[in-house]
Amino acid sequence: MRRPSSLLTLPLLVVLAGCGGGTPQLDVGSAQAAEPVSGASQIALEITNDGDGDDALVAAEADAALAVEIHITEVDDDGRATMRELDEAELPAGETVRFRPGGLHLMMIAPDDDVQVGGTFAVTLEFDRSDAVTVDVEVVDLLDLAEPDATEEDLDPDA
Ligand SMILES: [Cu+2]
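Position 49 (the sequence shown) corresponds to 50 in the working numbering; numbering is contiguous.
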C-alpha cells in the first residue's frame, strides 16, 4: 500500500519547484524623475535582488500622479520607438534591474506641481513576493535622467 502515497507526493514537488523557491531580498536605489513632458514623466531607479528567489515589480503609485505605470520602450525595424505597458517587471534573483528612459521605466501619468525640477515626491513600489517599498524621488532635468552616466564629452562630442 506504499506505492499510491509516493505517487501522490510527486505532483506536489513539481508545483513547489515551479515557484522558484528561495527568498528575494530587494534593495531599491535612489530614484529620479524627469520634469514632465506632455502630461507624463518618467522615473529612473535601480532595483537589486540580493536574495536567492525571484520577485517582480507588479505595481507603483504616487500621490503626485494620477497613475504610475510600468512601461518598456521598444524600437521597431524602422527605428520608431514606442512604449508598451507591462503587467509586471521581473526581478530575477542575483540581478540588478535598471529602470530608465529608453528601456524599462516607470511612467507617471498626469504628474502634479510637486513634479518640478528640484522637487521631491514619494513613490510606493509593490512586489509579487516582497513587502512594498516607498522611496523619495528627486525631480531632475530630462537630460540628466536620460544619461545618468554621461560626461560632458558624451553630450557634446565636438567639445
Ligand atoms: Cu512610458
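Using N, Cα and C, we set each Cβ at its ideal position, and we do this for glycine too.
Checklist entry - Within the structure, which residues are defined as neighbours of ligand 1 by a Cβ-heavy atom distance below 5 angstroms, reported in chain order? => result Cβ atoms closer than 5 angstroms to ligand 1 belong to 72, 84, 108.
Item to check | Proximity winner among 110, 95, 57, 33, relative to residue 88 (alpha-carbon distances) | outcome: Measuring from the Cα of residue 88, the nearest candidate turns out to be 57.
Item to check | Three-way DSSP call (helix, strand, coil) for residue 56 in this model | outcome: Secondary structure at residue 56: strand, using DSSP grouped into helix, strand and coil.
Checklist entry - Nearest to residue 99 by alpha carbon, out of 124, 85, 76, 46? => result Of 124, 85, 76, 46, the smallest CA-CA separation from residue 99 is found for 46.
Item to check | Given residue 51 as reference, the closest of 102, 29, 118 once Cα atoms are compared | outcome: Residue 51 has its Cα closest to that of 29, out of 102, 29, 118.
Next on the checklist: Could you tell me the alpha carbon to alpha carbon distance between residue 138 and residue 101, rounded to whole angstroms?
Outcome noted: Each residue's alpha carbon lies about 13 angstroms from the other.
Checklist entry - Can you name, in chain order, every residue of its own chain whose Cβ lies under 8 angstroms from the Cβ of residue 36, other than the five neighbours on each side? => result Cβ-Cβ distances below 8 angstroms link residue 36 to 42, 116, 117, 118, 140, 141, 142, 143 in the same chain, with the five nearest sequence neighbours on each side left out; the list follows chain order.
Checklist entry - For residue 66 and chain B, any beta-carbon pair shorter than 8 angstroms? => result Going by chain labels, chain B is absent from the structure shown, which holds only one protein chain.
Next on the checklist: Considering Cα atoms alone, identify which of 63, 90, 94, 44 is closest to residue 108.
Outcome noted: Nearest of 63, 90, 94, 44 to residue 108, Cα basis: 44.
Checklist entry - Should residue 131 go down as buried or exposed, given a rule of 16 or more other Cβ atoms within 10 Å for buried? => result Using a 10 angstroms sphere on the CB of residue 131, the tally of other CB atoms reaches 16 or more, which defines it as buried.
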